[in-house]
Amino acid sequence: MISISPHVKAIPVVDKSSELFESIWHLEGANYNSYLIETTDGFVIVDTAYEMFCPQLEEEIFSEAKPKEIKYIVVNHMEPDHSGCLNHFLSKTGAKVIISQVGKQLFNPPNSIGVKDGDSISIGDITLKFYMIPWVHWPETMITHLIEDDVLFTCDMYGAFGAYPNLEEKEYLYKEMRRYLAAILLRYKPFVLKAHKRIKSINPSIIAPGHGIVLKENKERVWKWYDSWLEGRGEGVTIVYGCMYGKISYAMGKLTEWLRRRGVKVNIHNVADLRWSYAMGDILDSAVVVFGYPTYEADLFPLIKFFLEISMEKNLYQGKDIVVVETHGWGPTLEKFPLDYGYGFSYGPMEDIDVKAVGESILRLLEGR
């Protein structure tokens with residue numbers, strides 16, 4: 279356990295074995311953060327973890343509190359990575375569950391109290407105030423403010439992929455927070471932006487999310503990151519390509535070299551490796567996105583098509599300029615490309631890809647921003 283304020287201890291459950299999150303997104307470790315609040319009238323658990331981690335979480339919590347001293351369990355979000363141990367602790371403690379009114383209507387956990395936006399509950403010497411942030415990224419999500427310590431438990435807001443056993447910042451936090459936002463939250467981008475603005479208006483001293491690290495003096499820097507990501511800012515270029523015969527792969531490599539020689543920041547991703555959240559994170563931070571692919575049976579290359587489908591659902595292309603480079607057999611498919619693009623290039627089997635022309639079109643887009 280890690281003390282983060284006079285009343286609160288954090289319990290970072292670190293998962294270093296799972297290779298995928300939601301069976302889609304690549305992991306190099308993950309945190310499921312639970313919190314224990316000590317009051318003069320017993321203890322409060324804020325969120326839990328996946329069911330597989332219940333024994334570990336129980337050992338940590340019951341080393342501090344006897345089971346019957348647990349009076350409440352706050353469930354900010356019913357997704358299993360936050361609530362998987364709820365039944366386990368209910369059976370051990372007999373605690374009351376505090377959940378949003380929408381969460382109670384949808385899931386109705388036993389012995390539960392449904393709270394609305396702005397509601398408060400006093401427990402001993404502390405007060406918890408609740409704010410609804412629906413569709414971040416489920417409809418029932420809320421955040422919980424411990425008034426006396428000025429700690430805001432933000433659930434998935436400001437979460438990050440990656441392992442943080444001491445809840446301290448690592449060199450990979452920026453990319454892993456960006457990747458988490460792109461992959462997990464941005465389907466409901468307007469609601470995430472609304473939640474971000476509301477949290478900034480609350481302006482807590484400590485932010486305690488369900489994943490990633492506890493934010494204190496670094497919260498302002500993270501808020502600036504979110505401002506940029508949510509407003510569609512960015513710099514440089516991300517190239518996402520698929521290839522069958524080597525032509526696109528060779529050209530995208532040459533294009534990367536051509537741009538970097540001119541001082542342009544470039545990230546490049548082959549969709550065949552299926553680590554798509556890394557490309558999605560880079561897109562969120564880029565000004566121009568280049569798609570390169572061969573046609574496939576008179577249609578877009580399948581992996582590019584699938585990548586576009588999932589990344590468009592995540593609202594990643596607001597404010598981005600798009601360039602498309604395709605090679606085709608018996609027919610071009612640019613008219614089937616689902617995004618509006620600034621420049622489109624289509625080359626037949628006997629034509630070489632004009633890397634210089636593509637590069638110059640990208641420079642024009644960058645200069646025009």
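No gaps in the numbering here: position 367 of the sequence shown is 645 in our numbering, and each next residue is one more.
Idealized CB from N, CA, C, for every residue including glycine.
Backbone secondary structure at residue i - three-state DSSP
i	result
Y442	coil
K598	coil
C332	helix
D293	strand
T611	coil
W554	helix
P487	strand
L617	coil
S624	strand
L586	helix
E591	helix
V603	strand
S281	strand
Per DSSP, cross-strand counterpart(s) of residue i
i	result
D428	In the DSSP output, where bridge partners are listed per residue, D428 has none listed.
W536	W536 is not bridged to any residue.
V518	H547 and F569
L314	K287 and I323
N309	V292
F408	T422
G392	I377
A401	Inspection of the sequence shows that residue 401 is occupied by Ile rather than by Ala. Bridge partners of I401: I404.
F299	W303
L493	I485
Nearest-angstrom Cβ-Cβ length linking residue i and residue j, presumed shorter than 8 Å
i	j	result
V602	G626	Rounded, the Cβ-Cβ distance is 15 Å, inconsistent with contact.
L451	A288	Rounded, the Cβ-Cβ distance is 16 Å, inconsistent with contact.
V566	K598	7 Å
F585	W554	6 Å
G514	S564	6 Å
V352	V414	Not confirmed; about 16 Å, so no contact.
N389	V375	6 Å
Candidates the options, of which the one nearest residue i by Cα
i	options	result
H547	L314, S479 and T534	T534
F321	F431, K448, D618 and A373	A373
H355	R457, D577, M410 and K634	M410
Y310	L298, Y328 and T317	Y328
Y436	K344, H474, P468 and N386	H474
D325	F431, E454 and V633	F431
S301	E337, L581, S312 and I462	I462
V492	P345, F299, I526 and Y442	Y442
S281	S312, C521 and L552	S312
G490	L305, P284 and I351	L305
P290	F331, I600, A550 and S283	F331
P616	F569, E297, Y504 and D632	F569
H423	A529, P487 and F408	F408
D293	A438, P482 and K614	A438
G396	L384, M420 and D403	M420
T371	I348, I517 and D359	I348
S479	G488, H366, K497 and L464	K497
E357	W416, E338, D319 and L314	W416
E337	M279, S527, S400 and Y519	M279
Complete alpha helix (DSSP H) runs within the segment 338-386 (minimum length 4 residues, chain order):
358-361, 364-371 and 379-385
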